[in-house]
Structures are given as C-alpha cells and as structure tokens.
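First residue of the sequence shown: 39, per our numbering; consecutive thereafter.
Backbone N, C-alpha and C define an ideal beta-carbon position, used for all residues, glycine too.
Here is the structure we will look at.
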Amino acid sequence: MDFQHLLGLHTGSRTDTMVVCNVDPAVSVYLGSRTNRVLLSYETVQKQLAHHPELPISHYQIVHSALRLGAFHRCNKRPRAAVVLYVDTRQFHTVFRLYVKGTACGREIYLVSLTRINDRVYRKELRKGRRVLRAHR
39 MDFQHLLGLH TGSRTDTMVV CNVDPAVSVY LGSRTNRVLL SYETVQKQLA
89 HHPELPISHY QIVHSALRLG AFHRCNKRPR AAVVLYVDTR QFHTVFRLYV
139 KGTACGREIY LVSLTRINDR VYRKELRKGR RVLRAHR
C-alpha cells in the first residue's frame, strides 16, 4: 500500500482512488467483479474519519494483510459484499473487521470500512452464522 497516497487521502491533498490489495479470484467472483483489485476512495477515508476517529491512519497498514490472510464471510443481506475478519498477531495485536463491496457494474471492488473490534464483538461476529467464503490463513 502506498502510505503517502493514503496520507494524501486522509489530509485531503489527494482525492484519487488508490489500489490497496488484490484478492483471490474466487472472492472477486463472489463479489460480482471482473477484477481482483481492491480500491480505497477519498470518500471512504473521509467517512472513516467522521465515524471512527479513534482509528489512527497507521492501522490502514494492516489492510493488505487482512485482505490476503483474513476470513471472508458472506454478507447475508447484501449481494456483492463481504465481511473480512482478521486476527492480527504481528503488528497491532488486535482483531480487525473490514467490509468490501463489488460495484453493480462489476468493474471495481471497494474497501468501504475498517474498524478494530474487541474479542466480545469478534465472537459475536462469528456467531452470526455467515457462510465463510475463505477461511483465515
């Protein structure tokens, strides 16, 4: 991930979308996308700042690992969307929840949310009974 680009999205000095990771082809098929590139938009970063001000920008460094190694769970009520749960044991020693969504036209996949969650919320997420698209690696 290009941290300088991310910093620009965070400060508002850049508004262009950035590529954060590539996902497995099976995941992109589930998301209804013809690409496996996951994008992060300026609008999402600004929304994240408003809704999750406690999340430092440094935590976005985990996105690549989370999308490559985390467990993808099907969103029961939203087609072309997935919840990613990632237990980080190396850098921040916490659990992250990400939402990714494929666009209706099938040309793009976006990271739409990143949050830290505690163990209680993590267990609650696991009890929701969502179908696992790809297990945690």
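Looking at the DSSP output, T127 bridges to nothing. Taking R169 as the centre and dropping the five residues before and after it, the same chain places the C-beta of R112 closer than 6 Å to its C-beta, in chain order. DSSP places G108 in the coil class of the three-state scheme, outside both helix and strand. Judged by pairs of C-beta atoms under 8 Å, the stretch 152–160 does not touch the stretch 59–73, as fewer than three such pairs exist.
Annotation: N74 to Q129 spans about 25 Å, alpha carbon to alpha carbon.
In the pairwise beta carbon analysis, the stretch 77–91 is classified as not touching the stretch 122–140: fewer than three pairs are separated by under 8 Å.
In terms of CA proximity to S66, A119 leads the group V57, T127, A119. Taking 8 Å as the cut-off, the Cβ atoms of V76 and L149 count as close. In this structure, M56 sits away from H102, with a CB-CB distance that is not shorter than 8 Å.
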